[in-house]
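Under my numbering, the residues of the sequence shown are numbered -2 to 492, in order. For each residue, glycine too, the CB sits at the ideal point set by N, CA and C.
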Amino acid sequence: MKPTTATAALVLALTLAHHASIAAAAGPRVIIVGAGMSGISAGKRLSEAGITDLVILEATDHVGGRMHKQSFGGINVEVGANWVEGVNGAGRMNPIWPLVNSTLKLKNFRSDFDGLADNVYKENGGVYERAYVQKRLDRWGEVEEGGEKLSAKLRPSGQDDMSILAMQRLNDHLPNGPTSPVDMVLDYFKHDYEFAEPPRVTSLQNVVPLATFTDFGDDVYFVADQRGYEAVVYYLAGQYLKADKSGNIVDPRLQLNKVVTEISHSGGGVTVRTEDAKVYKADYVMVSTSVGVLQSDLIQFKPRLPTWKVLSIYQFDMAVYTKIFVKFPRKFWPQGKGREFFLYASSRRGYYGVWQEFEAQYPDANVLLVTVTDDESRRIEQQSDNQTKAEIVEVLRSMFPGEDVPDATDILVPRWWSDRFYRGTFSNWPIGVNRYEYDQLRAPVGRVYFTGEHTSEHYNGYVHGAYLSGIDSADILIKCAQKRMCKYHIPGKFD
């Protein structure tokens, strides 16, 4: 018997409703884990390609990840990324620079390190003679030139790679490593201050020459805008996520305080579970967490990631770079041109060595910044802020014995290493790694895709690396989702 028109319409409506419920249950087409620079960048690229059916799950209460401002001493300071590095070159432009300087017009200042030779302080007060420090700096320049020539001769496979320290020894530079306070602090400034790890573990081939400065220019600009450096991430997010007039993201596709604990994947799709017992299903997932998180047990993959993927994750270092802000009731340190950066030449390498004052950036704030890294960062994270404050004041009183150095009134100590959502600040490529390991680190596993500054072959550790990696990883996913080009080929290490 033929159904009546009304019955047919009811059947059609029920069928459509059934398919709609299935579609709703299936969730978004893509889940992005993490709303830092790389995750937001990937989402923007996916949206531009027409993949707008997505949800972003962010573990914290904010967008930006390791680009994050915090109120301190009456001003907003950056606890994470602070500089646009690689500016004013003759060739390509750092993609972050026009966003900061032209689009958003964030307040920024060129960092001038030229006066450093005048500002290296002795352990017991006073400064070293400029001529002596400059001679040591000139020698460092000669060694770096030798390192560049040596690096250019190494095979691209990485099999000839060596540490920065080994290169220094080959150039007859401090064959037993730096031992004098001046040599130690200059070595620290040249290497640890940039890569957050010492020369003995940093790859020559991957950092000499450093692609960021070779490609984009040698200048670096300190972002000191009260909107925060994170404003760049919010701006990019606002290109495809609904935002209010203040720039706050109000799009329901961005979900904050969602801690991803499990990612199940199969040929049919992915299922993501969060700490609050929510379940999200999609066709694909893009994981933009730090490599430190991937090395931890925060997220369980089911089935487990293949051995080649796990090995690539564990080969990379998650370095720790800690910017400690200290506020005083008054200024007692030198100011003026050429005084922004100064060094403390301790007999203990890396002990509160690199300082920055903010006469231009934060006038009248009476705030100093001291940077520590690696083992010192981990040590400081495990002690009280009061103990750290006392150590810092003791160092400053040693540096300026003729000044009445007051007690600090406040201190801000970020704890990136202890934070389960980061486990450090940025990645550092170890010795012997080349394009092959990078390809493995970035390569998808079935429907699980990966992005982040650690997947940027040439710019890992930098904001522009995170931004560009989001685009690159999104393009890989787009090829699979829209063009059915899902095979990701990794050439052999020695090809």
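From the DSSP output, which residues share a beta bridge with residue i?
i      : result
Tyr464 : According to DSSP, which records beta bridges pairwise, Tyr464 is partnered with nothing at all.
Met315 : Ser424
Asp407 : Lys324
Ile310 : Paired residues: none, contrary to the question.
Val52  : Ile28
Tyr459 : For Tyr459, which the question treats as bridged, DSSP gives no partner whatsoever.
Val257 : Thr271
Ile246 : Ala240
His262 : Val267
Val124 : Tyr118
Gly40  : Note: Gly40 sits in no beta bridge, so no partner.
Gly143 : In the DSSP output, where bridge partners are listed per residue, Gly143 has none listed.
Gly33  : Gly61
Given that a residue counts as buried once 16 or more other Cβ atoms are within 10 Å of its Cβ, and exposed if not, what is residue i?
i      : result
Arg420 : buried
Gly399 : exposed
Pro441 : buried
Glu82  : buried
Tyr118 : buried
Val257 : buried
Leu308 : exposed
Val276 : exposed
Arg439 : buried
Trp305 : exposed
Leu196 : Residue identity check: residue 196 is Pro in the sequence provided, not Leu. With 16 or more other Cβ atoms within 10 Å, it is buried.
Lys242 : exposed
Met64  : buried
Tyr185 : buried
Pro175 : buried
Lys66  : buried
Glu75  : buried
Ala405 : buried
Does residue i come out as helix, strand or coil in the three-state DSSP assignment?
i      : result
Leu171 : coil
Phe192 : helix
Val442 : strand
Gln252 : strand
Thr268 : strand
Met396 : helix
Tyr232 : helix
Lys480 : helix
Lys299 : strand
His451 : helix
Ala46  : coil
Lys132 : helix
Asp436 : helix
Val430 : coil
Glu391 : helix
Lys386 : helix
Thr286 : coil
Tyr185 : helix
Val402 : coil
Lys278 : strand
Gly155 : coil
Ser148 : helix
Ser381 : coil
Ser160 : strand
Gly489 : coil
Trp137 : helix
Ser470 : helix
Ala23  : Bear in mind that a pLDDT of 39 at Ala23, under 50, signals an unreliable position, so the number given afterwards is only what the model happens to contain. Residue state, collapsed to three classes: helix.
Gln165 : helix
Asp294 : coil
Thr304 : helix
Asp180 : helix
Indicate, with yes or no, if the ligand FAD has a heavy atom lying under 8 Å from the CB of residue i.
i      : result
Ala463 : Because no ligand of any kind appears in the structure shown, any question about the ligand FAD cannot be addressed here.
Counting only beta-carbon separations shorter than 9 Å, does residue i have a partner in chain C?
i     : result
Pro92 : Going by chain labels, chain C is absent from the structure shown, which holds only one protein chain.
Quiz item: Are three or more beta carbon pairs between the segment 325 to 337 and the segment 295 to 304 nearer than 8 Å?
Solution: no
Quiz prompt | Inside the segment 60 to 122 only - beta strand (DSSP E) runs reaching at least 3 residues | solution = 66 to 69, 72 to 75, 80 to 84, 105 to 107
Self-check item: Length at least 4, wholly inside the segment 320 to 376: the alpha helix (DSSP H) runs in chain order
Solution: none
Practice problem: Assess, as a yes-or-no matter, whether the segment 346 to 356 is touched by the segment 408 to 416 under the definition of 3 or more beta carbon pairs within less than 8 Å. | Solution: no
Practice problem: Kindly provide the ranges of any alpha helix (DSSP H) runs that are 4 or more residues long and lie completely inside the segment 191 to 226, ordered along the chain. | Solution: 201 to 204, 208 to 213
Quiz prompt | contact_flag[the segment 82 to 91, the segment 203 to 212] where n(CB pairs < 8 Å) is 3 or more | solution = yes
Quiz prompt | Stretch-stretch touch, CB-based, cutoff 8 Å, three pairs: the segment 457 to 467 with the segment 28 to 43 | solution = yes
Practice problem: Report yes or no: do the segment 420 to 429 and the segment 443 to 460 share at least 3 C-beta pairs separated by less than 8 Å? | Solution: yes
Practice problem: Inspect the CB distances between the segment 122 to 136 and the segment 244 to 264 and report whether three or more fall short of 8 Å. | Solution: no
Quiz item: Quick check: the segment 237 to 251 against the segment 124 to 139, are there 3 or more CB pairs under 8 Å?
Solution: no
Practice problem: Please determine if the segment 362 to 381 and the segment 312 to 323 are in contact, where contact requires at least 3 C-beta pairs separated by less than 8 Å. | Solution: yes
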